[in-house]
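Enquirer:
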Amino acid sequence: MNDWSRALSANQAEETAAPMAPATGNRGLQIEEKLIFEQDSPGHCGVDLAEPAPFRSRLDGLERQSPIGLPGLSEPQVVRHFTRLSQKNYAIDTGLYPLGSCTMKHNPRLNEKLARLPGLADIHPLQPVSTVPGALELIDTLAHWLKTLTGMPAIALTPAAGAHGELCGMMAIRAALEARGNCRSRVLVPESAHGTNPATAAACGYTVDQIPADATGRVDRAALEAKLGVDVAALMLTNPNTCGLFESEIIKIAEAVHAAGAFFYCDGANFNAIVGRVRPADLGIDCMHLNLHKTFSTPHGGGGPGSGPVALTESLAPYAPLPWIVHGPDGLRLLEHKTGPAGQSLGRLKGFHGQMGMFVRALAYMMSHGSDGLRQVAEDAVLNANYLLARLANELSLSFPGSCMHEVLFDDSFLKETGVTTLDFAKALIDQGYHPMTMYFPLIVHGAMLVEPTETESKASLDEFIEVLKALATSARSGELPHFRAAPVSTPRRRLDETRAARKPVLRWGPEPLERDAPE
Ligand SMILES: Cc1ncc(COP(=O)(O)O)c(C=O)c1O
């Protein structure tokens, strides 16, 4: 490599004059990007089409009368705009993404390659079933793997996310209880649960009863048993839980729930910590959703298609949403109506058959790893989290004693009397080139910092992260409060007013500031 392409040495850097203040707001190659509407140059267009020949409209006077309001930009302008925006994004493909509870795991490129095979990518959901036997077989094979891994007899594949899976499962539980003559009125949810759990129970018409955690971060079994009664429809328990801990009394909990005539719903979002090692059915679980993006490496999607299949025990299987894929004498068949064996189904929860692209990726992940490989994935995820725990236990403060599963939970007691908050600490991490961990969740510990490294981070990558966290903890303790309060200083935008952004979101751009955005 030529000398002039190397980084400046410390002395050279000192000798270098301060950069000129940019006239554009740009910093280095970091471009200050305006909204696309602010780049509007009327008359510019990316295409040059001839005026259409006169034609008779069939809209019967319903044609739009006013301009559509799209900004005028040439193709190169559009390409630059979206390329620059994409470069402002942080992603698992950019660096370590320790966002606990979200499992930002590597998406293998093999999965992507298979999902793009024309025979899979180009099929249309409205194609006659007779023309897509391969797709049915793929979906059925995925269901087979999920049944094997969970030990459950039925899988509903259409739910489009974990939260949607929860809705599916709780609707099935309600339907099963209604069929028994009483849908009951209460659902028990531990206080550490993801917010989607109580929201789902409420959406299904239940009142939510919170169960406290015990001193070890697990569900307080005595408190739970005291709340069980004939009006309890279900317990919604996450395992491993949101503190990154295995609910060690889960079998006794399941027995108590069943003795009360209730169902045991498990939030299986953290299945990635136990896949291949524990079969949820063996723990007494009746129903559990899986997030394919968390356990089986499908992309998080940035609001795009997700997939949250639900595993159901025998008594809930009849309520699985449509369509069903069933084995018949002539091969696989699609049941699309609430008749025959699907007579008690919830009906459709989603258009078509679910997120095919995600099914292909998840199955590719399963088949390329094999069952032993999946078990190894879970073990490595747990090992990586425990490595962080062991190396940081004396620098940060652990919320609960003992080892953890796939994520490690710290609280803010190590920052006591420094004036630095969890938010400051996380923002300072950004200046060090890291996406922050999950902050202030779960709610049961003060100033939570939930770190999930995932299985694919190397030891070198974890060591570097550990050194950064240690250095930040040391500077917090040595009184560098202004540094933390100012962070982040190296990002395109400094610290945002997150409260205002949440309370007064501006969701639509207008040429004039929208009224609700006006200064108070
Ligand atoms: C414990 C837990 N439950 C439920 C969910 C909701 O899943 P989704 O975001 O796919 O709707 C998540 C999401 O990460 C989760 O961590």
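One gets this note's numbering by counting positions in the sequence shown from 1 and adding 1 to each. In this text, a Cβ means the ideal position worked out from N, Cα and C, and glycines have one as well. Predicted model, so just to flag it, every value in this text is computed and none were measured.
For ligand 1, I want to know if A270 counts as a neighbour, meaning its beta carbon is within less than 7 Å of at least one of the ligand's heavy atoms.
Expert: yes
Enquirer: Give a yes or no on whether the C-beta atoms belonging to D232 and Y266 are separated by under 8 Å.
Expert: no
Enquirer: Note down the Cα distance separating M357 from L143, rounded to an integer number of angstroms.
Expert: 11 Å
Enquirer: Among L229, T423 and D432, which residue has its Cα nearest to the Cα of L451?
Expert: Out of L229, T423 and D432, T423 has the C-alpha closest to the C-alpha of L451.
Enquirer: Taking the alpha-carbon of E167 as reference, which of A204, S193, D141 and P134 has the nearest alpha-carbon?
Expert: A204
Enquirer: Please list the terminal residues of the continuous alpha helix (DSSP H) segment that includes R278.
Expert: Note, R278: premise wrong, no alpha helix (DSSP H); not H, not E.
Enquirer: For ligand 1, I want to know if S87 counts as a neighbour, meaning its beta carbon is within less than 7 Å of at least one of the ligand's heavy atoms.
Expert: no
Enquirer: Report all residues from its chain with a CB closer than 8 Å to the CB of A255; omit the five preceding and five following residues, and keep chain order.
Expert: F265, L284, G285 and I286
Enquirer: At 4 residues or longer, and completely inside the stretch 71 to 158: list those alpha helix (DSSP H) runs for me, N to C.
Expert: 76 to 88, 110 to 116, 119 to 122 and 134 to 151
Enquirer: Going by beta carbon distance, what residues of the same chain come within less than 8 Å of E337, once the five residues before and after it are set aside?
Expert: L323 and P324
Enquirer: Where do the N-terminal and C-terminal ends of the alpha helix (DSSP H) with Q211 fall, by residue?
Expert: Per DSSP, Q211 belongs to no alpha helix (DSSP H); it is in the beta strand (DSSP E), T208 to I212.
Enquirer: Tell me the rounded alpha-carbon separation between S372 and L364.
Expert: 12 Å
Enquirer: Which of helix, strand or coil does DSSP assign to K505?
Expert: Collapsing the DSSP output to three states places K505 in coil.
Enquirer: Mind reading off the beta-carbon distance from E453 to A386? Whole number of angstroms is fine, and I expect it under 8 Å.
Expert: 7 Å
Enquirer: Assuming contact is defined by CB atoms lying nearer than 8 Å, are A474 and L397 in contact in what I supplied?
Expert: yes
Enquirer: So, at 6 Å on beta carbons, what are the nonlocal neighbours of K522 in its own chain, with the 5 sequence-adjacent residues on each side left out?
Expert: It is not possible to answer for residue 522, since the shown part of the chain is limited to 2 through 521.
Enquirer: Among T243, G511, E481 and S316, which has the Cα closest to the Cα of F411?
Expert: T243
Enquirer: In whole angstroms, what separates the C-alpha of G304 from that of L508?
Expert: Bear in mind that a pLDDT of 45 at G304, under 50, signals an unreliable position, so the model cannot answer this.
Enquirer: Pick out the complete alpha helix (DSSP H) segments inside the stretch 200 to 268, 4 residues or longer, and give them in chain order.
Expert: Qualifying alpha helix (DSSP H) stretches, in chain order: 222 to 228 and 251 to 260.
Enquirer: If you compare alpha carbons, which of Q345, S298, D215 and G420 is closest to S400?
Expert: D215
Enquirer: What is the rounded straight-line gap between the Cα of R349 and the Cα of H301?
Expert: 24 Å
Enquirer: Ligand 1 and T159: does any heavy atom of the ligand fall closer than 7 Å to the residue's C-beta?
Expert: no
Enquirer: Per the contact definition of three or more C-beta pairs closer than 8 Å, is the stretch 439 to 448 in contact with the stretch 497 to 505?
Expert: Result no; under three Cβ-Cβ pairs closer than 8 Å.
Enquirer: Could you tell me whether the stretch 76 to 87 touches the stretch 97 to 110, using the rule of 3 or more Cβ pairs below 8 Å?
Expert: no
Enquirer: V258 and M289 look like a contact to me (Cβ under 8 Å); what is the Cβ gap, rounded to whole Å?
Expert: Not quite, the Cβ-Cβ distance comes to about 14 Å (not below 8 Å), so this is no contact.
Enquirer: Among residues of its own chain, excluding the 5 on either side of I140, which ones have a beta-carbon nearer than 7 Å to its beta-carbon?
Expert: L158, I326, H354 and F360
Enquirer: Checking contacts by CB at 8 Å: is A203 closer than that to chain D?
Expert: Going by chain labels, chain D is absent from the structure shown, which holds only one protein chain.
Enquirer: When DSSP builds the beta bridges, which residues end up paired with R334?
Expert: V327
Enquirer: Is the separation between the beta-carbon of R187 and that of A234 shorter than 8 Å?
Expert: yes
Enquirer: Which partner residues of F411 appear in the DSSP bridge assignment?
Expert: L399 and M450, per the DSSP bridge assignment.
Enquirer: Label N112 either buried or exposed according to how many other C-beta atoms from any shown protein chain fall within 10 Å of its C-beta, with 16 as the threshold for buried.
Expert: With 16 or more Cβ atoms within 10 Å of its Cβ, N112 is classed as buried.
Enquirer: Does the beta carbon of H195 fall short of 7 Å from some heavy atom of ligand 1?
Expert: yes
Enquirer: At 3 residues or longer, what runs of the beta strand (DSSP E) sit wholly inside the stretch 420 to 475?
Expert: 450 to 452
Enquirer: Considering only residues of the same chain and omitting the five flanking positions on each side of K148, which have a CB-CB separation below 8 Å?
Expert: P154, A155, I156 and A312
Enquirer: Tell me the rounded alpha-carbon separation between V469 and Q433.
Expert: 7 Å
Enquirer: Please list the terminal residues of the continuous beta strand (DSSP E) segment that includes L313.
Expert: DSSP places L313 in the uninterrupted beta strand (DSSP E) bounded by V311 to L313.
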